[in-house]
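Novice: This is the structure I want to talk about, given as structure tokens.
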Amino acid sequence: MKINRIDTAYYRLPPHRRILDAIQEVEFLDVIAARLYTENGEEGLGYTYTIGRGGKATKVLLDTEIVPLILGEDPLDIERLWEKMWWGLHWIGRHGLTLLCSSAIDIALWDLKAKMSGLPLYKFLGAARSKAPMYNTDCGWLNHSKNEIVEEASRCVDQGFTGIKVKVGKEQRSEDFTRVEAVRKAIGDEVKLMVDANLCWTAAESIARCKLFEDLDLFWVEEPIEADDVLGHEKLSEHTSIPIAVGENLFNRHAFKEYLTRRAASIMQPDVARVGITEWLRIADLTHSFNSSVSPHLMMELHVHLVCAVPNALFVEYVPLLDRFVQHPLRIEEGYAIPSEQPGHGIVFDEEKIGPYCLEKSSWKWNK
Ligand SMILES: [Mg+2]
Numbered sequence: 004m005k006i007n008r009i010d011t012a013y014y015r016l017p018p019h020r021r022i023l024d025a026i027q028e029v030e031f032l033d034v035i036a037a038r039l040y041t042e043n044g045e046e047g048l049g050y051t052y053t054i055g056r057g058g059k060a061t062k063v064l065l066d067t068e069i070v071p072l073i074l075g076e077d078p079l080d081i082e083r084l085w086e087k088m089w090w091g092l093h094w095i096g097r098h099g100l101t102l103l104c105s106s107a108i109d110i111a112l113w114d115l116k117a118k119m120s121g122l123p124l125y126k127f128l129g130a131a132r133s134k135a136p137m138y139n140t141d142c143g144w145l146n147h148s149k150n151e152i153v154e155e156a157s158r159c160v161d162q163g164f165t166g167i168k169v170k171v172g173k174e175q176r177s178e179d180f181t182r183v184e185a186v187r188k189a190i191g192d193e194v195k196l197m198v199d200a201n202l203c204w205t206a207a208e209s210i211a212r213c214k215l216f217e218d219l220d221l222f223w224v225e226e227p228i229e230a231d232d233v234l235g236h237e238k239l240s241e242h243t244s245i246p247i248a249v250g251e252n253l254f255n256r257h258a259f260k261e262y263l264t265r266r267a268a269s270i271m272q273p274d275v276a277r278v279g280i281t282e283w284l285r286i287a288d289l290t291h292s293f294n295s296s297v298s299p300h301l302m303m304e305l306h307v308h309l310v311c312a313v314p315n316a317l318f319v320e321y322v323p324l325l326d327r328f329v330q331h332p333l334r335i336e337e338g339y340a341i342p343s344e345q346p347g348h349g350i351v352f353d354e355e356k357i358g359p360y361c362l363e364k365s366s367w368k369w370n371k
């Protein structure tokens, strides 16, 4: 069986609300999609995203460098094709753009293979559970006032969410502290509370900030320091009792291994749209061998399957970025995400709703 056609598309979607963190604003959700078709009429959908920059470049790289490596190949050979993409783009790759492109293809390959087996993706991968706890990030953006965060967080708890994440990184340490403290008071002691600094502090600053947070019973502090500064995280971990979470800006298992072996962080947050499903599963396994947990970044429609597939995953993160553009929005019941029982990942773009935001479309055929 061969892949005989690949359609790619670049959508520029407006965010569902204003989203600001310590280092950036989500200007757009640029989604770059790849649809694979086989000679037998099987189909798989994969996609990656950026937040307003680099979408066009991702589409160009996908079309010019990745698609030619995959056309005419057997879609069942996922490991071989992963190696082909990794080594094929090695000179310009290993992180960033090339990984976004190969991840879109890798996700489509897993979707196609699970569909062919007639199983939902989480079952195909060996289900560890049938539903995944969710925590809510959408209530705690940095542009929200303290009162807004408190009100939204309380509403989320009423809806059944068992975790709340608040963005930090205000200029004044005391302002960060007051906001997080107010949320802790509002949601009570039972609900898990996380903070996310989006890479904005130095190691020394993160030690000072975490000291202030020590008594708020935080479940984790996320990306306190620049993602490449593993030593900085190691230093912080020696000075705080708060678990450290990293991973949305890491692109392969080697980068995760560095954090795990140095005990520089204990919660790994791979993003499937940046590492693909093949590497995501390797990262989850690696993390498991360090007796640690994964808790993936965004992409809740895809991650529900992966969190349900492995035994050491904590949560699916709630941010409804794609909700308005898919035919079957993620089912959430009493704070749990329920994976689709359709074969594959079950995600179908709603062409009527997403079509108007398509900037570019291409179709590539295999020339035997
Ligand atoms: Mg984050």
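Sequential numbering of the sequence shown, starting at 4, is according to the numbering used here. From the three backbone atoms N, C-alpha and C, an ideal C-beta is built for every residue, glycine too. Computed from a predicted model, the values in this text were never measured in an experiment.
For ligand 1, I want to know if residue 300 counts as a neighbour, meaning its beta carbon is within less than 7 Å of at least one of the ligand's heavy atoms.
Specialist: The count along the sequence shown starts at 1 and reaches residue 300 at position 297. Yes.
Novice: Report the partner residues of residue 322 according to the DSSP bridge assignment.
Specialist: By one-based count along the sequence shown, residue 322 stands at place 319. DSSP, once it has assigned bridges, lists no residue as partnering residue 322.
Novice: Taking 7 Å as the cut-off, is the C-beta of residue 294 nearer than that to any heavy atom in ligand 1?
Specialist: In the sequence shown, the residue the question calls residue 294 occupies position 291. No, the Cβ of residue 294 stays beyond 7 Å of every heavy atom of ligand 1.
Novice: What does DSSP give as the partner residue(s) for residue 136 in the beta ladder?
Specialist: Your numbering for residue 136 matches position 133 in the sequence shown. For residue 136, which the question treats as bridged, DSSP gives the partners 339.
Novice: Nearer than 7 Å: is that true of the beta carbon of residue 199 relative to any heavy atom of ligand 1?
Specialist: For this step, residue 199 is matched to residue 196 along the sequence shown. Because some heavy atom of ligand 1 lies under 7 Å away, the Cβ of residue 199 counts as near it: yes.
Novice: Considering only their Cβ atoms, is the gap separating residue 9 from residue 74 smaller than 8 Å?
Specialist: For the purposes of this step, residue 74 is identified with residue 71 of the sequence shown, where counting begins at 1. For the purposes of this step, residue 9 is identified with residue 6 of the sequence shown, where counting begins at 1. Going by C-beta atoms, residue 74 is nearer than 8 Å to residue 9.
Novice: How many Å lie between residue 216 and residue 336 at the Cα?
Specialist: Sequence index remark: in the sequence shown, residue 216 carries index 213 (1-based). Sequence index remark: in the sequence shown, residue 336 carries index 333 (1-based). Each residue's alpha carbon lies about 31 Å from the other.
Novice: Three or more C-beta pairs closer than 8 Å, one from the region 146-158 and one from the region 176-191: is that the case here?
Specialist: A contact exists between the region 146-158 and the region 176-191.
Novice: I'd like to confirm something about residue 68: is its beta-carbon nearer than 7 Å to some heavy atom of ligand 1, or not?
Specialist: Taking the sequence shown and counting its residues from 1, one reaches residue 68 at position 65. Incorrect: residue 68 has no Cβ contact closer than 7 Å to ligand 1.
Novice: When you measure from the CB of residue 28 to every non-hydrogen atom of ligand 1, does any distance come out below 7 Å?
Specialist: The residue labelled residue 28 in the question sits at position 25 within the sequence shown. Answer for residue 28: no, Cβ out of range of ligand 1.
Novice: Contact between the region 196-207 and the region 227-237 is defined here as three or more beta-carbon pairs at a separation below 8 Å; is this criterion met?
Specialist: Output reads yes: the region 227-237 touches the region 196-207.
Novice: Whole beta strand (DSSP E) runs in the region 149-204 with 3 or more residues, listed along the chain?
Specialist: Correct list: 166-170 and 195-199.
Novice: Less than 8 Å between the C-beta atoms of residue 47 and residue 111, yes or no?
Specialist: Taking the first residue of the sequence shown as position 1, residue 47 is located at position 44. Taking the first residue of the sequence shown as position 1, residue 111 is located at position 108. Cβ atoms of residue 47 and residue 111: closer than 8 Å.
Novice: Excluding sequence positions up to five away, which residues of its chain have a Cβ less than 7 Å from the Cβ of residue 269?
Specialist: Position 266 of the sequence shown holds residue 269. The residues are 246, 247 and 295.
Novice: What I want to know is whether the C-beta of residue 251 ends up closer than 7 Å to one or more non-hydrogen atoms of ligand 1.
Specialist: As a working mapping, residue 251 is identified with position 248 in the sequence shown. The answer is yes for residue 251.
Novice: Helix, strand or coil: which one does DSSP assign to residue 246?
Specialist: Start at 1 with the first residue of the sequence shown, and residue 246 comes out as number 243. Here residue 246 sits in coil by DSSP.
Novice: Specify whether the region 178-185 and the region 119-138 touch according to this definition: at least 3 beta carbon pairs, one from each stretch, less than 8 Å apart.
Specialist: Too few Cβ pairs lie closer than 8 Å, so no.
Novice: Just verifying my parser: in three-state terms, what is the DSSP assignment at residue 361?
Specialist: Within the sequence shown, the letter at position 358 stands for residue 361. Residue state, collapsed to three classes: strand.
Novice: Could you check whether the Cβ of residue 226 sits closer than 7 Å to any heavy atom belonging to ligand 1?
Specialist: Here residue 226 refers to the residue found at position 223 of the sequence shown. Because some heavy atom of ligand 1 lies under 7 Å away, the Cβ of residue 226 counts as near it: yes.
Novice: Would you report the Cα separation of residue 44 and residue 79, rounded to the nearest angstrom?
Specialist: Counting from 1 along the sequence shown, the entry for residue 44 is found at position 41. Counting from 1 along the sequence shown, the entry for residue 79 is found at position 76. Cα to Cα, the separation comes out at about 14 Å.
Novice: Can you tell me the Cα-Cα spacing of residue 306 and residue 260, whole angstroms?
Specialist: Residue numbering aside, residue 306 sits at position 303 when the sequence shown is read from its first letter. Residue numbering aside, residue 260 sits at position 257 when the sequence shown is read from its first letter. Taking the straight line joining both Cα atoms gives about 21 Å.
Novice: Taking DSSP as the reference, what is the three-state secondary structure of residue 144?
Specialist: Looking up residue 144 in the sequence shown gives position 141. Residue 144 falls in the coil class under three-state DSSP.
Novice: Comparing alpha-carbon positions, which option in 81, 131 and 94 lies nearest residue 107?
Specialist: Looking up residue 107 in the sequence shown gives position 104. Comparing Cα positions, the closest option is 81.
Novice: By the 10 Å Cβ neighbour count, where 16 or more other Cβ atoms means buried, how is residue 71 classified, buried or exposed?
Specialist: As a working mapping, residue 71 is identified with position 68 in the sequence shown. Residue 71 should be labelled exposed.
Novice: Which value, in whole angstroms, describes the spacing of the CA atoms of residue 99 and residue 308?
Specialist: Looking up residue 99 in the sequence shown gives position 96. Looking up residue 308 in the sequence shown gives position 305. Between residue 99 and residue 308, the C-alpha separation is close to 24 Å.
Novice: Confirm, please, whether the CB-CB distance from residue 66 to residue 365 is below 8 Å.
Specialist: The count along the sequence shown starts at 1 and reaches residue 365 at position 362. The count along the sequence shown starts at 1 and reaches residue 66 at position 63. Result yes, Cβ atoms of residue 365 and residue 66 sit closer than 8 Å.
Novice: What residue range is occupied by the uninterrupted beta strand (DSSP E) comprising residue 49?
Specialist: The count along the sequence shown starts at 1 and reaches residue 49 at position 46. Note, residue 49: beta strand (DSSP E), 46-53.
Novice: In or out: residue 38 buried (at least 16 other Cβ within 10 Å) or exposed?
Specialist: The residue labelled residue 38 in the question sits at position 35 within the sequence shown. By the neighbour-count rule (16 or more Cβ atoms within 10 Å), residue 38 is buried.
Novice: Would residue 117 pass as a contact of residue 279 if the rule is Cβ separation under 8 Å?
Specialist: Reading the sequence shown from its first residue, position 114 is the one you call residue 117. Reading the sequence shown from its first residue, position 276 is the one you call residue 279. For residue 117 and residue 279, no; Cβs fall outside 8 Å.
Novice: Could you check whether the Cβ of residue 40 sits closer than 7 Å to any heavy atom belonging to ligand 2?
Specialist: For ligand 2, the structure offers nothing, since it holds only ligand 1.
Novice: Please go through the same chain and pick out, in chain order, the residues whose beta-carbon is closer than 6 Å to the beta-carbon of residue 29, but skip the five residues on each side of it.
Specialist: In the sequence shown, the residue the question calls residue 29 occupies position 26. Around residue 29: 18, 22 and 54.
Novice: If you draw a straight line from the alpha carbon of residue 353 to that of residue 328, how long is it in whole angstroms?
Specialist: The count along the sequence shown starts at 1 and reaches residue 353 at position 350. The count along the sequence shown starts at 1 and reaches residue 328 at position 325. Near 5 Å, if we compare the C-alpha coordinates of residue 328 and residue 353.
Novice: My understanding is that residue 131 touches residue 313, with C-beta atoms under 8 Å, so please give their C-beta distance in whole angstroms.
Specialist: Working through the sequence shown from its first residue, we reach residue 131 at position 128. Working through the sequence shown from its first residue, we reach residue 313 at position 310. Residue 131 to residue 313, Cβ: 6 Å. Contact.
Novice: Go through its chain and collect everything with a Cβ distance to residue 145's Cβ below 8 Å, but skip five positions before and after it.
Specialist: For the purposes of this step, residue 145 is identified with residue 142 of the sequence shown, where counting begins at 1. Contacts found: 23, 24, 25, 170, 171, 172 and 173.
Novice: Determine the DSSP secondary structure at residue 305, reduced to helix, strand or coil.
Specialist: The sequence position of residue 305 within the sequence shown is 302, counting from 1. Residue 305: helix per DSSP, three-state reduction.
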